[in-house]
Amino acid sequence: MKQLASFVDSFHPSFVSKLHKSLYGLKQVPHAWYIALRQSLLQLGFKNSALDCSLFIYNFDGITIDVLVYVDDLILTGNNQTHLHQLVHQLGVECSLKELQPLHYFLGIEVILTTEGLFLTQQKYVQDLLDRTCMDGAKYMTTPLSTSVKLHLGDGSPPVDCTEFRRIISALQYLSFTRPNISFAVNKLAQFMHNPSSIHWQATKSLLRYLTHIVQHSILLQQSSPIQLRAFLYADWVGNQDDRTSTTAYLLFLGSNFISWRTREQKAVA
Numbered sequence: 001m002k003q004l005a006s007f008v009d010s011f012h013p014s015f016v017s018k019l020h021k022s023l024y025g026l027k028q029v030p031h032a033w034y035i036a037l038r039q040s041l042l043q044l045g046f047k048n049s050a051l052d053c054s055l056f057i058y059n060f061d062g063i064t065i066d067v068l069v070y071v072d073d074l075i076l077t078g079n080n081q082t083h084l085h086q087l088v089h090q091l092g093v094e095c096s097l098k099e100l101q102p103l104h105y106f107l108g109i110e111v112i113l114t115t116e117g118l119f120l121t122q123q124k125y126v127q128d129l130l131d132r133t134c135m136d137g138a139k140y141m142t143t144p145l146s147t148s149v150k151l152h153l154g155d156g157s158p159p160v161d162c163t164e165f166r167r168i169i170s171a172l173q174y175l176s177f178t179r180p181n182i183s184f185a186v187n188k189l190a191q192f193m194h195n196p197s198s199i200h201w202q203a204t205k206s207l208l209r210y211l212t213h214i215v216q217h218s219i220l221l222q223q224s225s226p227i228q229l230r231a232f233l234y235a236d237w238v239g240n241q242d243d244r245t246s247t248t249a250y251l252l253f254l255g256s257n258f259i260s261w262r263t264r265e266q267k268a269v270a
């Protein structure tokens, strides 16, 4: 860091101070905080998920605790309230904590706990997106993408604002975290972000009109029996005529709960 005025060496005015600890505002602070938190959780018996580095799992003697980390925001859940409170106390010894409970909102996703189960929704996020794009109140569509329109590179004329197109697609990509029914449409439109045309813009507006029809939709997580993992996979054949690649999609259910989904273009050329 830049030296304080009283420490500047007149013979070496360009010298800087070497930091032994991170300070607020430095770009390495989030990483340094994660390393410190990870070390603390590992010492408490947690294991870091190999699939998601932000997930820590404690499982011992019938007690299960999950900790999900996003920078300095933590979600804690488990089957033993006593051990959860002990964990909060132990973490509070090492750093300052602000305990907010129960969970209602996290990273743009609203969490609603009812007698039916846990609802995950991005209703406010959808409404803000529709307001920002002036599509609120537009005539709704019943499907996210028309099957009669084949999208290709170079079709149509360039849209007025390419930046706005990319901004909307990026917002839709985040929305697909709780809206699997738009996953394919968003994946398809994202393939034209580098050179969108008026036809791609119209397809994007159609997808926004579809969102006006499903603003209140959500994902429901609830207890189910038996706890069985089921996977469904689908792939087309040369769905993209521009580069002759195919598209793969999968769905994962744990019991009756929809837990994972993805749509992506295959790297291999058919």
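First residue of the sequence shown? That's 1 in UniProt numbering, and the numbers climb one at a time after it. Note that beta-carbon positions come from the ideal geometry of N, C-alpha and C, so glycine has one too.
Since residue i and residue j should fall inside the 8 angstroms C-beta cutoff, what is the C-beta to C-beta distance between them, to a whole number of angstroms?
{"i": "Y140", "j": "T212", "result": "5 angstroms"}
{"i": "L153", "j": "N195", "result": "7 angstroms"}
Of all Cβ atoms in chain C, is any one closer than 8 angstroms to the Cβ of residue i?
{"i": "F177", "result": "Given the protein chain composition of this structure (a single chain), no chain C is represented."}
May I ask you to report which of helix, strand or coil DSSP gives residue i?
{"i": "I219", "result": "strand"}
{"i": "V69", "result": "strand"}
{"i": "I112", "result": "strand"}
{"i": "F258", "result": "strand"}
{"i": "D242", "result": "coil"}
{"i": "Q266", "result": "strand"}
{"i": "L97", "result": "coil"}
{"i": "T121", "result": "strand"}
{"i": "L251", "result": "strand"}
{"i": "L130", "result": "helix"}
{"i": "V88", "result": "helix"}
{"i": "A138", "result": "coil"}
{"i": "H104", "result": "coil"}
{"i": "F232", "result": "strand"}
{"i": "H12", "result": "strand"}
With the cut-off set at 8 angstroms, would you say residue i and residue j are in Cβ contact?
{"i": "L130", "j": "L208", "result": "yes"}
{"i": "T245", "j": "A235", "result": "no"}
{"i": "G78", "j": "F60", "result": "no"}
{"i": "V69", "j": "L37", "result": "yes"}
{"i": "R179", "j": "H217", "result": "yes"}
{"i": "N187", "j": "T133", "result": "no"}
{"i": "I75", "j": "F119", "result": "no"}
{"i": "P159", "j": "S197", "result": "yes"}
{"i": "T143", "j": "Y58", "result": "no"}
{"i": "L55", "j": "D66", "result": "yes"}
Within the same chain, show all residues whose beta-carbon is closer than 6 angstroms to that of residue i, passing over the 5 residues directly before and after it, in chain order.
{"i": "I169", "result": "L189, A190 and M193"}
{"i": "I259", "result": "L252"}
Spatial neighbours of residue i within its chain, please: C-beta separation below 8 angstroms, excluding the five flanking residues on both sides.
{"i": "L97", "result": "V88 and L91"}
Please return the same chain residues whose Cβ sits closer than 7 angstroms to the Cβ of residue i, not counting the five positions on each side in sequence.
{"i": "E164", "result": "none"}
Ordered list of alpha helix (DSSP H) runs contained in the region 158–211, each at least 4 residues: 162–175, 183–190 and 198–211
Secondary structure, alpha helix (DSSP H): runs of 4+ residues fully inside the region 20–79: 29–43
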